[in-house]
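Here the numbering used here runs 63 ahead of the position in the sequence shown, where the first position is 1.
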Amino acid sequence: MKTGMFWRRRGGACFLVLVLVLAAGGGASAARDNDGYLFHDAHFHLTNYIQQGTDIQEFVEMMGKKIGRSTVFGIPLQQQWSYANTGDFAPTYYLHTDAPLYYYSFTDAHIAMAYKSLPRRARNRLDPMITGFNPADMYAVDHIRRVLTTFPGVFSGIGEFTIHKEFVSAKVAGEKASLTNPALDRILAFAGEVGLVVILHNDVDMPFPKKGQEPYMVPKLRALFKRHPNTSIIWAHAGLGRVVRPIDDQIALLERGLADPEFAHVNIDISWDETAKYFVESPETVQKSAALINRYPDRFLFGSDVVAPSDVEAMIEVYDMYAPLWQALTPEASYKVRKGNYERIFDAARKRVRAWEKANVK
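Below, the structure is given as structure tokens:
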């Protein structure tokens, strides 16, 4: 009887300590989260598929007191206006025409010059990314190096760039990118050497797979990540898309990767309204997603994936779609996904890339 009472009291004390620890953790998160910003945007396109977009000064004004920091990148692909295909109709999106897409390298100079036009305080809120290279080209690394040495002090990473993407990959003119192409390995190795963050888009599966069909891209993606342990990689959208739905064991797939120390350098962004629809599809998907993120709060980042918006509401709308998820996360996990992980990853990248530039730019 006395022994049982001892353990009950001790258990109650342990429970009280646990409550206090959790409360302290939540309090620490709240203290770091009191800057008034809703989130930092880990995935944002300033320009669209015909290289038109939002004026960067207007974008910073749009961010205002709602978005603290943001990545900034264009789209590496230009949609061709083929008169034979659409006549006088000028397509502005890749689904508007059957004409091909081609790589548009000037996007990086455009982003760099726009960024440099801002006052220093505004620049400190942005992390520009290099995108204007062909990931199937062995010379892609030379382009990235050239951009860094031409515009030192500007870029924090590369991407978002695409290997396999529903409806897009098939439209790209020339050789198609591949997870097994040595050109991609050269890109990721160089990014690891310099300290550049990599935002990589690769669908987890093909569109409209047969029931029970093995997602053939997963083993190749896993092998690619393992080959580059020194490169900070963000897997865009957790591999999801408009019609590329979560595979049957998507949560288990992510769990295995997050638990494996060989993938400690790989993080996942939950950007895009198309991604949000899967996370909040039902109370069950919210619960499973939140449980996974709560177990691995250091490995996820939020982003809007908005393209050339005219107002801040476009980004806020994506953020609001995740409301059930934010409510299901612990305060610590919510803070890290919305802000903390962005700051940790991109602050480290800024430091490393500036050091590389100092050593390599005359």
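A virtual CB, placed ideally from N, CA and C, is assigned to each residue, including glycine.
With respect to the 8 Å criterion, Thr-338 and His-300 are classified as neighbours on the basis of their beta carbons.
Residue environment: Glu-395 is assigned as buried (16 or more neighbouring CB atoms within 10 Å of its CB, all protein chains considered). According to the DSSP secondary-structure assignment, Met-192 is paired through a beta bridge with Gly-220. The continuous alpha helix (DSSP H) containing Gln-313 extends over residues 313-322.
Straight-line measurement puts the Cα of Tyr-405 at about 20 Å from the Cα of Ile-119. Under a 10 Å Cβ-count criterion, Gln-276 is classified as exposed, with fewer than 16 other Cβ atoms of the shown protein chains found around its own Cβ. Residue range 245-257 is occupied by the alpha helix (DSSP H) that includes Gly-255.
Within the DSSP bridge table, the entry for Asp-200 names no partner.
A straight-line Cα-Cα distance of about 27 Å links Met-378 and Tyr-165.
In the three-state scheme derived from DSSP, where H, G and I count as helix and E and B as strand, Val-281 is classed as helix. Its Cα nearest to that of Ala-162, the residue Gly-237 stands out among Gly-237, Thr-110 and Ala-391. Selection Leu-109, Ile-113 and Gln-141 evaluated against Met-126 yields Leu-109 as nearest (Cα-Cα).
Counting along the chain, Thr-134 sits inside the beta strand (DSSP E) bounded by residues 130-135. In the pairwise beta carbon analysis, the segment 250-259 is classified as not touching the segment 370-389: fewer than three pairs are separated by under 8 Å. Judged by DSSP in its simplified three-state form, Phe-363 adopts strand. Only residues of its own chain outside the window of five on either side were considered, and among them Tyr-178 have a CB closer than 7 Å to the CB of Arg-186, listed in chain order.
Shown here, Gly-150 sits in coil according to DSSP, grouped into three states, outside any helix or strand.
Around the beta carbon of Tyr-341, 16 or more other beta carbons sit within 10 angstroms, so the residue counts as buried. Boundaries around Tyr-166 are those of the beta strand (DSSP E), 164-166, since no alpha helix (DSSP H) includes it.
Taking C-beta atoms as the reference points, Asn-265 and Gly-302 count as a pair closer than 8 Å. Straight through space, the alpha carbons of Gly-150 and Asn-111 are spaced by roughly 21 Å. About 6 Å separates the CB atoms of Met-192 and Thr-134; that is less than 8 Å, so the two are in contact. Three or more pairs of CB atoms, one per stretch, sit closer than 8 Å, so the segment 235-250 contacts the segment 285-301.
Note that the C-beta distance between Pro-139 and Thr-170 is below 8 Å. For Thr-225, DSSP records a beta bridge to His-264. Taking the C-beta atoms as reference points, His-206 is found no nearer than 8 Å to Gly-216.
Note on Leu-321: 16 or more other CB atoms within 10 angstroms of its CB, so buried under the neighbour-count rule.
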